[in-house]
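Visitor:
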Amino acid sequence: MTGNAPDDGGGLTRRETIRRFGLGGAGILGAGLVGNAAGSRAAGSESSDPYVGDHLSSELIVGSDAGPYGGDYSPPPTLESSHLEHATFPPRPRRAPVREIEMTVTEQHIDVANGTGVHAWTYNGSVPGPTLRATEGELLRIRFRNATGHDHNLHFHGRHSPLHDGWEPVPPGGETVYEIEAGPAGLHPYHCHTMPIDMHIAKGLYGILIVDPVTPRPEANEIVLTLGGWDPDSSGRIAITSWNGIAGFYEKFPIKLPAGEPVRLYLTNMLEYEPIASFHLHAQVFDVYPTGAGEVPATTTDVVTLGQTERAILEFTLPEIGRYMFHPHQHRIAMRGAMGWFSAI
Ligand SMILES: [Cu+2]
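Heads up: the sequence shown begins at 108 in our numbering, then just goes up one per residue.
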């Protein structure tokens, strides 16, 4: 039942984040972690929404109402309950961990360049929205609220029940609950899927979900870079581009990385109105894991090209102290706010 409030989410220890660089550094608007919201609210979520049903919850929560052997358990009529308490049974299957997440759409003014503001639509007040992170198989229970005057919703890429696919509009003031089983391991964007979708994304309604494999990836210094664009006058053309929401930020403030140590970059293209965009690194090459999946890189290169919502994990090392430039190799995109530097120190 959705109404059975599991304690698992609040008791979870979030994956350690010390090794993470860039996921919460100053100026990264989209930096937030799944743990920020986890456990912040008791679950209780009886929903009037027709596509959030008990059917799905009981399927997704392993062993929720199942007996020791997977079925409904009823004590034999001859067995007193007191005897039952002392009987030895195999341990009850543990519930899959549940992470409780609050996600609210707001309208607000955001400074996206040096003195340039836009009227943005945001998930939880930032663009990109909070960076969510979970281990494959964990259940994300997302309480979604629309605090704006327009329809919105929350659609995840990756694998989940079609009943929770997030394409149905949630009206102004409305709320719903999405339950997403994190998977497959990799990097998956989320975004608003309300028409016109391009406008809803270009106004800021996008973010990423990192799904860690059950066997963790090797230790590395981790960075999130999500390419987006701003269309302040709703012309259908991108006037400002940005990594993680703010144009030109990493050109002025390089991302510091320790020289000689492994780096893992979670890269996503959420730029609307451009058919493709690439990421090019100067003076070094990187391994590419498309969609963040797999244990063997697809290639090693210095430029990777992504269509909209395509993403990849890049792994590399900057062996020598110095500045390494990065940018899309479509210079029209790069020159509007998406130039940047890594500073190996
Ligand atoms: Cu929307």
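A virtual CB, placed ideally from N, CA and C, is assigned to each residue, including glycine.
Quick check on the DSSP output: the alpha helix (DSSP H) that includes Met306 runs from which residue to which?
Guide: Within the sequence shown, numbered from 1, the residue matching residue 306 stands at position 199. Ile304 to Ala309 is the span of the alpha helix (DSSP H), which, as asked, contains Met306.
Visitor: Taking all protein chains shown into account, do 16 or more other C-beta atoms lie within 10 angstroms of the C-beta of Ala366, making it buried, or fewer, making it exposed?
Guide: Counting from one through the sequence shown, the residue named residue 366 turns up at place 259. Its Cβ having fewer than 16 others within 10 Å, Ala366 is exposed.
Visitor: Using DSSP's beta-bridge definition, name the partner residues of Lys363.
Guide: As a first step, residue 363 must be located in the sequence shown, where it is residue number 256. DSSP, once it has assigned bridges, lists Ser450 as partnering Lys363.
Visitor: Please give the ranges of any beta strand (DSSP E) in the segment 260-312, keeping only runs that are unbroken, at least 3 residues long and fully inside the region.
Guide: 282-288 and 293-298
Visitor: Alpha carbon to alpha carbon, how far is Ser385 from Gln437? Give it in angstroms, no decimals.
Guide: As a position in the sequence shown, residue 437 is number 330, starting the count at 1. As a position in the sequence shown, residue 385 is number 278, starting the count at 1. Roughly 7 Å separates the two Cα atoms.
Visitor: What residues are listed by DSSP as bridge partners for Ser385?
Guide: Residue numbering aside, residue 385 sits at position 278 when the sequence shown is read from its first letter. Thr412, per the DSSP bridge assignment.
Visitor: What residues match up with Phe453 in a beta bridge as DSSP calls it?
Guide: Summary: the structure shown does not reach residue 453, with the chain confined to residues 108 through 452, and so no result is reported for it.
Visitor: How should Asp340 be labelled, buried or exposed, when 16 other C-beta atoms within 10 angstroms of its C-beta is the threshold for buried?
Guide: In the sequence shown, counting from the first residue as 1, residue 340 sits at position 233. Exposed, by the Cβ-count rule.
Visitor: Straight-line CA distance for Ile345 to Thr301?
Guide: Along the sequence shown, one-based indexing puts residue 345 at 238. Along the sequence shown, one-based indexing puts residue 301 at 194. Between Ile345 and Thr301, the C-alpha separation is close to 19 Å.
Visitor: Answer yes or no: do Thr213 and Thr255 have a C-beta to C-beta separation smaller than 9 Å?
Guide: Here residue 213 refers to the residue found at position 106 of the sequence shown. Here residue 255 refers to the residue found at position 148 of the sequence shown. Yes, Cβ-Cβ distance for Thr213 and Thr255 is below 9 Å.
Visitor: Note down the Cα distance separating Thr398 from Thr238, rounded to an integer number of angstroms.
Guide: Position 291 of the sequence shown, counted from the first residue, corresponds to residue 398. Position 131 of the sequence shown, counted from the first residue, corresponds to residue 238. Each residue's alpha carbon lies about 16 Å from the other.
Visitor: At a cut-off of 8 Å, is Asn260 close to ligand 1 when judged by its beta-carbon and the heavy atoms of the ligand?
Guide: As a first step, residue 260 must be located in the sequence shown, where it is residue number 153. At least one heavy atom of ligand 1 is nearer than 8 Å to the Cβ of Asn260, so yes.
Visitor: Cβ of Val411 within 8 Å of any heavy atom in ligand 1?
Guide: Numbered from 1 along the sequence shown, position 304 holds the residue referred to as residue 411. Checking the Cβ of Val411 against ligand 1 gives no.
Visitor: Taking 9 Å as the threshold (C-beta atoms), are Ile317 and Leu294 in contact?
Guide: Here residue 294 is taken as the residue at index 187 of the sequence shown, counted from 1. Here residue 317 is taken as the residue at index 210 of the sequence shown, counted from 1. Yes, the Cβ-Cβ distance between Leu294 and Ile317 is below 9 Å.
Visitor: Rounded to whole angstroms, what is the Cα-Cα separation between Ile347 and Asp338?
Guide: Mapped onto the sequence shown, residue 347 falls at position 240. Mapped onto the sequence shown, residue 338 falls at position 231. The alpha-carbon atoms of Ile347 and Asp338 are separated by roughly 7 Å.
Visitor: Does Thr407 pass the burial test, meaning 16 or more other C-beta atoms within 10 Å, or should it be called exposed?
Guide: Locating residue 407 in the sequence shown gives position 300, counting from the first residue. By the neighbour-count rule (16 or more Cβ atoms within 10 Å), Thr407 is not buried but exposed.
Visitor: Determine, using beta carbons only, whether Leu388 and Met432 come nearer to each other than 9 Å.
Guide: Position 281 of the sequence shown, counted from the start, is the residue given in the question as residue 388. Position 325 of the sequence shown, counted from the start, is the residue given in the question as residue 432. Yes, the Cβ-Cβ distance between Leu388 and Met432 is below 9 Å.
Visitor: Can we count Trp337 as close to ligand 1, meaning its CB is less than 8 Å from some heavy atom?
Guide: To locate residue 337, count along the sequence shown from 1; it is residue 230. Checking every heavy atom of ligand 1 against the Cβ of Trp337, none is found closer than 8 Å.
Visitor: Can you have a look at Ser233 and say buried or exposed, based on whether 16 or more other CB atoms are within 10 angstroms of its CB?
Guide: Counted from its first residue, the sequence shown places residue 233 at position 126. By the 10 Å Cβ count, Ser233 comes out buried.
Visitor: Taking only the alpha-carbon atoms, compute the straight-line gap between Thr229 and Asn253 and give it to the nearest angstrom.
Guide: What you label residue 229 is simply residue 122 of the sequence shown in a count that begins at 1. What you label residue 253 is simply residue 146 of the sequence shown in a count that begins at 1. Cα to Cα, Thr229 sits roughly 10 Å from Asn253.
Visitor: Can you tell me whether Val395 sits near ligand 1, meaning its C-beta is under 8 Å from at least one heavy atom of the ligand?
Guide: Position 288 of the sequence shown, counted from the start, is the residue given in the question as residue 395. Checking every heavy atom of ligand 1 against the Cβ of Val395, none is found closer than 8 Å.
Visitor: On the CB-based measure, 16 or more other CB atoms within 10 Å of its CB, does Leu167 come out buried or exposed?
Guide: Your numbering for residue 167 matches position 60 in the sequence shown. Because the pLDDT at Leu167 is just 28, under 50, the model does not fix this residue reliably, and the point stays unresolved.
Visitor: Rank Thr242, Ala227, Gly244 and Glu243 by C-alpha distance to the C-alpha of Gly236 and give the top, closest one.
Guide: For the purposes of this step, residue 236 is taken as the residue at position 129 of the sequence shown. Answer by Cα proximity: Ala227.
Visitor: Could you pull out every residue in the same chain whose Cβ sits closer than 7 Å to the Cβ of Ala451, ignoring the five residues on either side in sequence?
Guide: As a first step, residue 451 is located in the sequence shown; it is residue number 344 there, counting from the start. Hits under 7 Å: Leu364, Ala366, Leu425, Glu427, Ile428, Gly429 and Tyr431.
Visitor: Using the Cα positions of Glu463 and Arg371, report the straight-line distance between them to the nearest angstrom.
Guide: Outside the shown range of the chain (108 to 452) lies residue 463, about which nothing can therefore be said.
Visitor: Just to confirm, is the Cβ distance from Leu247 to Tyr285 under 9 Å?
Guide: The residue given as residue 247 occupies position 140 in the sequence shown. The residue given as residue 285 occupies position 178 in the sequence shown. Contact flag set, yes.
Visitor: Determine the DSSP secondary structure at Ala400, reduced to helix, strand or coil.
Guide: For the purposes of this step, residue 400 is taken as the residue at position 293 of the sequence shown. Coil, per DSSP.
Visitor: To the nearest angstrom, report how far apart Pro296 and Pro404 are at their CA atoms.
Guide: Numbered from 1 along the sequence shown, position 189 holds the residue referred to as residue 296. Numbered from 1 along the sequence shown, position 297 holds the residue referred to as residue 404. Cα-Cα distance, rounded: 20 Å.
Visitor: Taking Ala227 as part of the beta strand (DSSP E), name the residues at either end of that continuous run.
Guide: Against the sequence shown, residue 227 aligns to sequence position 120. Here the beta strand (DSSP E) through Ala227 covers Thr223 to Tyr230.
Visitor: Would you kindly report the start and end of the unbroken beta strand (DSSP E) that includes Thr211?
Guide: Counting from one through the sequence shown, the residue named residue 211 turns up at place 104. Per DSSP, Thr211 belongs to the beta strand (DSSP E) from Val205 to Ala220.
Visitor: What's the call for Asn221, buried or exposed, on a 16-neighbour Cβ count within 10 Å?
Guide: By 1-based counting over the sequence shown, the position of residue 221 is 114. Classification for Asn221: exposed.
Visitor: Cβ atoms of Glu243 and Gly290: under 9 Å apart, would you say?
Guide: Your numbering for residue 290 matches position 183 in the sequence shown. Your numbering for residue 243 matches position 136 in the sequence shown. Cβ distance < 9 Å, so Gly290 and Glu243 count as in contact.
Visitor: With hydrogens ignored, establish whether the beta-carbon of His307 is closer than 8 Å to any heavy atom of ligand 2.
Guide: Ligand 2 is not part of the structure shown, which contains ligand 1 as its ligands.
Visitor: Mapping the DSSP letters down to three states, classify Ile428 as helix, strand or coil.
Guide: Numbered from its first residue, the sequence shown carries residue 428 at position 321. Coil, per DSSP.
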